[in-house]
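What follows is a single structure, written as structure tokens, with notes after it.
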Amino acid sequence: MNKTIKNTLFATTFLAVGAAGVATSMAATQGTTGPTSSGDLIVSLIVDNKLKVSNLDDTALGTFAGADLSATETICVFFNQTAPYQITFDSNDTPGTFELADGVNNIPYSFTYDDGTNGATAVVAGTPLTGRDLANNNAVSGADDDCATIAADNGSIDFTALATDITGNPNGTYSETLNITVAPSI
Numbered sequence: 006m007n008k009t010i011k012n013t014l015f016a017t018t019f020l021a022v023g024a025a026g027v028a029t030s031m032a033a034t035q036g037t038t039g040p041t042s043s044g045d046l047i048v049s050l051i052v053d054n055k056l057k058v059s060n061l062d063d064t065a066l067g068t069f070a071g072a073d074l075s076a077t078e079t080i081c082v083f084f085n086q087t088a089p090y091q092i093t094f095d096s097n098d099t100p101g102t103f104e105l106a107d108g109v110n111n112i113p114y115s116f117t118y119d120d121g122t123n124g125a126t127a128v129v130a131g132t133p134l135t136g137r138d139l140a141n142n143n144a145v146s147g148a149d150d151d152c153a154t155i156a157a158d159n160g161s162i163d164f165t166a167l168a169t170d171i172t173g174n175p176n177g178t179y180s181e182t183l184n185i186t187v188a189p190s191i
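If you read the sequence shown in the working numbering, its first letter stands for residue 6, the second for the next number, and so on.
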């Protein structure tokens, strides 16, 4: 097999294996002494995506007095790439739903997420919202992973519990843990 075909096959195999995330340990091939000499080496890099969701605070919708209850929570999303991210919301209590519970009774609630660029989008439990924008918070150095440089959180969650869903439930405190996961959309 001639050297050009051999090197092409090697490079193609290495790229295919590298793209699949399989670690390889290859060594450079040294040239030999002669009228000409050639060798080869592998050039590589690692893309180390770093994301962070922060500035989270517990959110109280208030005390029911016959009307819908709502509240807004702002958050910070950091990604060390200029590419979009995705965000997924789900619950610990009953995965796949959003329900506030007192241990026996459940009150459904809903919410939207706004990344500061794409507008408010209704959230479906366990379904990622893709193509979210960083709203200027992609400091590659990682120094602004809490939105300090841009001086404001870059995402907001608007919660609503409807009076028609609350009415008829017994006195008590209703709550659930909301899980938030951010990941690359690339």
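Where is the CB? At the ideal position from N, CA and C, for every residue including glycine.
Distance from G136 to S190 at the Cβ level is roughly 6 Å; contact confirmed, criterion being Cβ atoms closer than 8 Å.
Judged by their CB atoms, T122 and D98 are not nearer to each other than the 7 Å cut-off.
Secondary structure note for A106: it is in no alpha helix (DSSP H), and the uninterrupted beta strand (DSSP E) holding it is 104-106. When only Cα atoms are considered, A166 and G124 end up about 20 Å apart.
Of the candidates V52, D53, I51, G36, G36 places its Cα closest to the Cα of D45. Closest in C-alpha terms to L183, from the list D150, V128, G67, comes V128. About 7 Å separates the beta carbons of Y90 and A188, which is inside the 8 Å limit, making them a contact pair.
DSSP, reduced to helix, strand and coil, places T186 within a strand of the structure shown.
Annotation: the continuous alpha helix (DSSP H) that includes T169 extends over 168-171. Contact annotation: the stretch 76-87 does not touch the stretch 100-114, with fewer than three C-beta pairs closer than 8 Å. Within the stretch 21-82, no run of alpha helix (DSSP H) reaches 4 residues while sitting entirely inside it. Assignment of beta-bridge partners to P89 by DSSP yields no partner. The residue among V48, P40, Y179 with its C-alpha nearest the C-alpha of A32 is V48. If you draw a straight line from the Cα of S180 to the Cα of A70, it comes to about 17 Å.
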